[in-house]
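Asks: If you scroll down you'll find the structure; I have some questions about it.
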Amino acid sequence: MMKNNNERPAGYQTPINRPSKRQFVLGIDPDKNQSGFAVWSYPQNKFVKHVPLYFAELQETCFGYDPYDCVVYLEAGWLNEGRNKYQSKTLPKDFDTWSRARREAYIFERGCDVGINFGAGFAITHVLRANGYTVNHYCPKTAKWDAAALRRYTGITAMTNQDVRDAIRAAYLNR
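Laid out in structure tokens, this is it:
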């Protein structure tokens, strides 16, 4: 017979305090306009959501998931080792024929876009962490998925943009 609530019966072992398995993996690819957002559900063993969302919508949607039931993987482009390398294959085909001023303006604009995307990623990270979410920065090690790769790996046949595919990849590879 136990005398008080702190005593345990003989042979009782206090369970190890382990976090329960998360129910959802949220994948996010931050963008200056609409970020890619995807949700992998462990109970259903499939993606239950994959959409582009504006910043405020993204916050509201994330807040719809309990911070203890999900883990977030955010694609962090600033962690890519090659982010500062000159990649001529990504430039317009006739880039070399442009005037110097036009080339500089183009590079400046691309740099601004990249910086804004990084800023969106930092902002999303800070907002979610401040609200108790576990946010992991994910640096992709594979090439971007096109629609065929998405279908092959996940079975998703819906039309998606590149940001949503990147969010799906972040959740899928880290589930």
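Each position in the sequence shown, counted from 1, maps to that position plus 3 in my numbering.
Beta carbons: idealized from backbone N, C-alpha and C, even for Gly.
Is DSSP giving K49 helix, strand or coil here?
Replies: Note: K49 maps to strand in three-state DSSP.
Asks: Say whether the segment 31 to 43 touches the segment 150 to 170, bearing in mind that this needs 3 or more beta-carbon pairs closer than 8 Å, one atom from each stretch.
Replies: yes
Asks: With a threshold of 16 other CB atoms inside 10 Å of the CB of L82, please say whether the residue is buried or exposed.
Replies: Around the beta carbon of L82, a 10 Å sphere encloses fewer than 16 other beta carbons of the protein chains shown; the residue is thus reported as exposed.
Asks: What are the start and end residues of the beta strand (DSSP E) that includes I31?
Replies: 27 to 32
Asks: Tell me whether L176 sits in a helix, a strand or coil according to DSSP, three-state version.
Replies: helix
Asks: What's the C-alpha gap between K181 and A108?
Replies: Here the chain comprises residues numbered 4 to 178, so residue 181 is not present and cannot be evaluated.
Asks: To which residues of the same chain is A173 closer than 8 Å at the C-beta, ignoring the five residues directly before and after it?
Replies: Only G30, I31, D32, A41, Y76, L77, E78, Y141, P143 meet the Cβ criterion.
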